[in-house]
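Each remark here refers to the structure printed beneath this line.
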Amino acid sequence: MNVIYPQKLVTFYKLESPDIQRGLWANYDKNGIFINLTNYYGKELILFEPDRVNIDGKIWVCKELFR
Numbered sequence: 117m118n119v120i121y122p123q124k125l126v127t128f129y130k131l132e133s134p135d136i137q138r139g140l141w142a143n144y145d146k147n148g149i150f151i152n153l154t155n156y157y158g159k160e161l162i163l164f165e166p167d168r169v170n171i172d173g174k175i176w177v178c179k180e181l182f183r
C-alpha cells in the first residue's frame, strides 16, 4: 500500500529578478508537519533561511507561507 502525504505547490521568485518565478513542492507528513521542499522532479532542496533556497547557485525567495 502506498501512503500519500499532503503537498502544497509554493511559488518562489528569483532574488535578482523577481519577475522570474517557479513552483516548488512543500511536503508534509500525515500530521501536517512540514518535511521538506522538492523540485518538480522530486529532488530535495535545502532551505538556508526560513524563506530562501539555493537552486543552481541562485537565490530564490518564497512568496507565501508554507510552514
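All residue numbers for the sequence shown refer to the working numbering, where the first residue is 117 and numbers rise by one. In this text, a Cβ means the ideal position worked out from N, Cα and C, and glycines have one as well.
Cα separation between residue 148 and residue 122? On the sequence shown, position 32 is the one that residue 148 refers to. On the sequence shown, position 6 is the one that residue 122 refers to. Note on geometry: alpha-carbon atoms of residue 148 and residue 122 lie some 7 Å from one another.
Could you have a look at residue 129 and say whether DSSP puts it in helix, strand or coil? Position 13 of the sequence shown holds residue 129. Three-state result, residue 129: strand.
If residue 180 and residue 127 are in contact, beta carbons under 8 Å, what's the gap, nearest whole angstrom? In the sequence shown, counting from the first residue as 1, residue 180 sits at position 64. In the sequence shown, counting from the first residue as 1, residue 127 sits at position 11. At roughly 6 Å, the Cβ-Cβ gap stays under 8 Å, so residue 180 and residue 127 are in contact.
Could you check what DSSP says for residue 181 in three-state terms: helix, strand or coil? As a first step, residue 181 is located in the sequence shown; it is residue number 65 there, counting from the start. The answer is coil: DSSP assigns residue 181 none of H, G, I, E or B.
Label residue 150 either buried or exposed according to how many other C-beta atoms from any shown protein chain fall within 10 Å of its C-beta, with 16 as the threshold for buried. Walking along the sequence shown from the start, residue 150 turns up at place 34. Exposed, because fewer than 16 other Cβ atoms sit within 10 Å of the Cβ of residue 150.
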